[in-house]
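*Asks:* For reference, the structure I am asking about is given below.
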Amino acid sequence: MPPWPTSHRTGLSTPSCVPDGRRLRAGAEACRTRRCRRFRGFLPLWTFRGRGACHHPGTGRRRGRLGRTAHSVKSRPVGRRPPIARRWGAPGAFAAACLRHGTSIKTRRSSMKIGILGVGHIGKTLTQRLGATGHDVKVANSRGPETIGADVLASGGRAVTVAEAVADVDVLILSIPLNRLPEIAPLLADVPADTVVVDTSNYYPLRDSRIEAIDAGQVESLWVTELLGRPIAKAWNAIGSHSFAAKAKPAGSADRIAIPVAADSGRDRRLAMALVEDTGFDAFDAGTLADSWRQQPGAPSYCTDLTREEMPGALAAAEAERLPKRRDVAVAAIQERVGDGSTNPDAEYLVRLNRALFM
Ligand SMILES: NC(=O)c1ccc[n+]([C@@H]2O[C@H](COP(=O)([O-])OP(=O)(O)OC[C@H]3O[C@@H](n4cnc5c(N)ncnc54)[C@H](OP(=O)(O)O)[C@@H]3O)[C@@H](O)[C@H]2O)c1
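So, in structure tokens, the structure goes:
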């Protein structure tokens, strides 16, 4: 007879199985044993240290495949939901699960294969954040992998050629200037239809040259879908590069900045939103691409560092005919400030300027 009680009804690896004397989630019941995966059986609670690490003889505290403690058995007080990353297991798991199972996924935990084109102001931070959250990230610029700095790859991203970056990925993120998209459009013809393409681009005539259709009122993301001949999700276009690099926060933090995400396919939008969350920002569902003009340059939601609560009002307040004029006034002010057409102003100046002009 083992010296500990062996009866249990809940399954010992569930979070509801907590030591006596702790508060339990509704429906849970106390249990004096837990499952040790290595031992493949149930052990008394005294074999578990701290929050559930097993020190059953022959097993050390081990990291799980995605960074979770293999023997971890977590408990938490009644009535408090854990942040999203913990609800879905390891960082990146939520996005991976969305991709594989739509909304019905529950427990799948794995990283995604992500290709990123562009390692500039936005692509660099994307590479670092998504690499750090456990995704398998490949990244390319136009000049070749040897020109990509070690700082970009510090979180695990790999520098590859453009052709390699678009091959065999679950998600392809385009973070290159809008006027360079025609160069990569032919490559996308070979990318499978179920690969989700997320685009971060914005139209700036000064940089991109005049594009007649957009000047005439075509929504930028719809111009991109026509050019690429496939659907896209639009994300990370409405956050300034300095805010993106410096203002990420864990889910649930006060004043976490929200980023609008638009797509015609619910699956693509959910996936892009999950990746936005993985980069440290609240993802806000901004609807279809036809509505995405509301997050273009000149709009109240554009690079103004709003929260999830402020975002609906900002999107609703956008006035289509005023956006181009406001965008160009902002560009003129930035040029006067920083003296050239390519340096980004610091986050505080850009946010102050955009709030004054766009809201
Ligand atoms: N900067 C911002 O604050 C901000 C914010 C939100 C969205 N965006 C938008 O996001 C996009 C990227 O902006 P950014 O500021 O990150 O641009 P950026 O700093 O100018 O960087 C552009 C990157 O794209 C690469 N690239 C250009 N053509 C390419 C091609 N044909 N194939 C592969 N890589 C190519 C460049 O590589 P090479 O240097 O080797 O050419 C470079 O790494 C733009 O559409 C921009 O409007 C920018």
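FYI, the numbering for the sequence shown is 84 to 442, going by the numbering used here. Just so you know, even glycine gets a beta-carbon here, dropped at the ideal spot from N, CA and C.
1) Bridge partners for residue 282 per DSSP, in chain order?
2) My assumption, with CB atoms under 8 Å, is that residue 319 sits in contact with residue 359. Please give the rounded CB distance.
3) Tell me whether residue 226 counts as near ligand 1, meaning its Cβ is closer than 6 Å to at least one heavy atom of that ligand.
4) What's the C-alpha gap between residue 230 and residue 245?
5) The alpha helix (DSSP H) with residue 361 in it runs from where to where?
6) What would DSSP say about residue 189, mapped onto helix, strand or coil?
7) Quick check on residue 110: buried or exposed, where buried means 16 or more other Cβ atoms within 10 Å of its Cβ?
8) From residue 218 to residue 197, what distance separates their C-alpha atoms?
9) Which first and last residues belong to the beta strand (DSSP E) in which residue 251 is found?
10) Between the Cα of residue 311 and those of 257, 368, 287 and 335, spot the shortest distance and give me the residue it belongs to.
11) Alpha carbon to alpha carbon, how far is residue 384 from residue 409? Give it in angstroms, no decimals.
12) Report yes if the CB atom of residue 208 is closer than 7 Å to the CB atom of residue 321, and no otherwise.
13) Report the partner residues of residue 241 according to the DSSP bridge assignment.
14) Please state whether DSSP places residue 308 in a helix, a strand or coil.
15) Excluding five sequence neighbours on each side, which residues of the same chain lie with their C-beta closer than 6 Å to the C-beta of residue 306?
16) Residue 343 bridges to which residues according to DSSP?
17) Thinking C-alpha only, which one of 333, 314, 340 and 315 is nearest residue 323?
18) Across the region 414-434 and the region 370-378, are there enough close Cβ pairs to call them in contact, namely three or more that are closer than 8 Å?
19) If you run the structure through DSSP and keep just helix, strand and coil, what is residue 216?
20) Given the structure, does residue 342 come close to ligand 1, in the sense that its CB is under 6 Å from one of the ligand's heavy atoms?
21) To which residues of the same chain is residue 270 closer than 8 Å at the C-beta, ignoring the five residues directly before and after it?
22) From the DSSP output, read off the bridge partner residues of residue 230.
23) Can you tell which of 415, 314 and 291 has its C-alpha closest to the C-alpha of residue 371?
*Replies:* In brief:
1) 257 and 317
2) 7 Å
3) yes
4) 13 Å
5) 349-361
6) Note that residue 189 scores 30 on pLDDT, short of 50, meaning its location in the model is unreliable and no value can be drawn from it.
7) Low confidence applies here, because residue 110 scores a pLDDT of 32, under 50, leaving its location unreliable; read the following figure in that light. When all chains shown are included, residue 110 counts as exposed.
8) 7 Å
9) Taken as a continuous stretch (DSSP letters only), residue 251 belongs to no beta strand (DSSP E), as it is neither H nor E.
10) 257
11) 13 Å
12) no
13) 221
14) helix
15) 296 and 297
16) 367
17) 340
18) no
19) coil
20) no
21) 245, 246 and 249
22) Partner(s): none; residue 230 has no beta bridge.
23) 314
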